[in-house]
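Position one of the sequence shown corresponds to residue 2 (the working numbering), numbered consecutively onward. Report on one structure; see the data block that follows.
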Amino acid sequence: MNDSKRLVVNFIKQEESLQILPTPPILSSQNTGWPNVGLFYYRHPAHSTTEHYLTHHVLAIAYNQFQLEVRKDSKSRTQLVDNGVIQLTPANVSQWLHWDREGEFLIVTLCPQFMEKVVYESVKGNAFELIPQFSIIDPVIQYTAAALKAAIETESSPNALFGESAATMLAVHLLQAYATCKPVIKHYGDGLAKNKLQLAIDYINANLDQDIKLTDIAELLGISHYYFCHLFKQSVGITPHQYLIQKRIEKAKLLLKNRELSIAEVALECGFIDQSHLTKHFKRLVGLTPKAMRSQ
Numbered sequence: 002m003n004d005s006k007r008l009v010v011n012f013i014k015q016e017e018s019l020q021i022l023p024t025p026p027i028l029s030s031q032n033t034g035w036p037n038v039g040l041f042y043y044r045h046p047a048h049s050t051t052e053h054y055l056t057h058h059v060l061a062i063a064y065n066q067f068q069l070e071v072r073k074d075s076k077s078r079t080q081l082v083d084n085g086v087i088q089l090t091p092a093n094v095s096q097w098l099h100w101d102r103e104g105e106f107l108i109v110t111l112c113p114q115f116m117e118k119v120v121y122e123s124v125k126g127n128a129f130e131l132i133p134q135f136s137i138i139d140p141v142i143q144y145t146a147a148a149l150k151a152a153i154e155t156e157s158s159p160n161a162l163f164g165e166s167a168a169t170m171l172a173v174h175l176l177q178a179y180a181t182c183k184p185v186i187k188h189y190g191d192g193l194a195k196n197k198l199q200l201a202i203d204y205i206n207a208n209l210d211q212d213i214k215l216t217d218i219a220e221l222l223g224i225s226h227y228y229f230c231h232l233f234k235q236s237v238g239i240t241p242h243q244y245l246i247q248k249r250i251e252k253a254k255l256l257l258k259n260r261e262l263s264i265a266e267v268a269l270e271c272g273f274i275d276q277s278h279l280t281k282h283f284k285r286l287v288g289l290t291p292k293a294m295r296s297q
């Protein structure tokens, strides 16, 4: 295809995705504030795309069975895909697709500049190239995509820390599993240094009512996204996002003793979007609702 006539598609922009797909997504991460990872859930009738190039690295996960013809650069394949089958199309790789019946699938996008930053900060060397994949089964990708989808479905404004953590872990996994040169990840066995761990914990505790970002904590400690997530979990036993939710619930339990505050006000004081958001996590971690605890 002549470069001057290349169709370049950015899935983040709905008007561009409609150049190759017949309908808008049923579910989208467009309003989540996740700058580096995107999620789009589609259900389309039989369709053929025009040849196109993508601005982002794209994972397409099938949610039903259909016959798929696909061409990536000069390689073509016709296959029967089923629930859980994944395709990986790196940015700037030409692609053409045709499916023969209604197709239900989840698209996960990763920003190439973010991937490059992860490589620069987390591995030895900064040259990498993702290899296109036509048909893979990958539990890590499936689990991460399902978690991102659930966050959008159940929360009106999903947590920034969760989105950034998921993007970082997914980027490292793709580099380890599907890059031309397997990166050598630097490993540290002892977790965060005590002073850095305390600094991170103090920052989280002081900002429970804010939409804390992974970038902010990592920059505060002077380490990369990946290593902060990795070393924090080594030190504490849970991810930064899980720790944040636990601390918010602990604060909510204290505030619920003050009957002058409504449960909705307690939710906002603890950094939850609304009362239902608090109730969901409270019941999951405590075993009963905030209302039930207050009545006790």
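Glycine included, each C-beta is placed from N, C-alpha and C at the ideal position. Since we're looking at a predicted model, the values are computed, not measured.
Proximity winner among the options, relative to residue i (alpha-carbon distances)
i, options, result
"residue 209", "267, 220 and 87", "267"
"residue 256", "181, 295, 221 and 78", "295"
"residue 215", "140, 37, 278 and 68", "37"
"residue 47", "41, 59, 221 and 65", "65"
"residue 247", "177, 206, 44 and 155", "206"
"residue 338", "114, 159, 76 and 169", "Residue 338 cannot be examined here, being either before or after the span of the chain that is shown, 2 to 297."
"residue 278", "227, 101 and 160", "160"
Residue i versus residue j - alpha carbon distance
i, j, result
"residue 151", "residue 70", "29 Å"
"residue 14", "residue 109", "14 Å"
"residue 145", "residue 167", "7 Å"
"residue 134", "residue 81", "15 Å"
"residue 288", "residue 297", "13 Å"
"residue 136", "residue 86", "6 Å"
"residue 107", "residue 62", "5 Å"
"residue 51", "residue 212", "40 Å"
"residue 2", "residue 241", "Because residue 2 carries a pLDDT of 47, less than 50, the predicted location of this residue cannot be relied on, and no value is offered for it."
"residue 219", "residue 147", "26 Å"
"residue 93", "residue 119", "19 Å"
"residue 88", "residue 153", "22 Å"
"residue 200", "residue 221", "8 Å"
"residue 163", "residue 284", "19 Å"
"residue 174", "residue 142", "8 Å"
"residue 6", "residue 34", "32 Å"
"residue 272", "residue 116", "29 Å"
"residue 286", "residue 31", "29 Å"
"residue 72", "residue 95", "8 Å"
"residue 225", "residue 121", "9 Å"
"residue 59", "residue 177", "16 Å"
"residue 20", "residue 204", "44 Å"
"residue 165", "residue 140", "19 Å"
Simplified DSSP assignment, three categories, for residue i
i, result
"residue 240", "coil"
"residue 92", "coil"
"residue 119", "helix"
"residue 110", "strand"
"residue 287", "helix"
"residue 43", "strand"
"residue 66", "coil"
"residue 153", "helix"
"residue 85", "coil"
"residue 29", "strand"
"residue 132", "coil"
"residue 272", "coil"
"residue 72", "strand"
"residue 231", "helix"
"residue 58", "strand"
"residue 20", "coil"
"residue 105", "strand"
"residue 262", "coil"
"residue 7", "coil"
"residue 224", "coil"
"residue 252", "helix"
Cβ separation of residue i and residue j, assumed to be a contact under 8 Å, to the nearest whole Å
i, j, result
"residue 57", "residue 129", "With 8 Å as the limit, residue 57 and residue 129 do not qualify as a contact, their Cβ atoms being about 15 Å apart."
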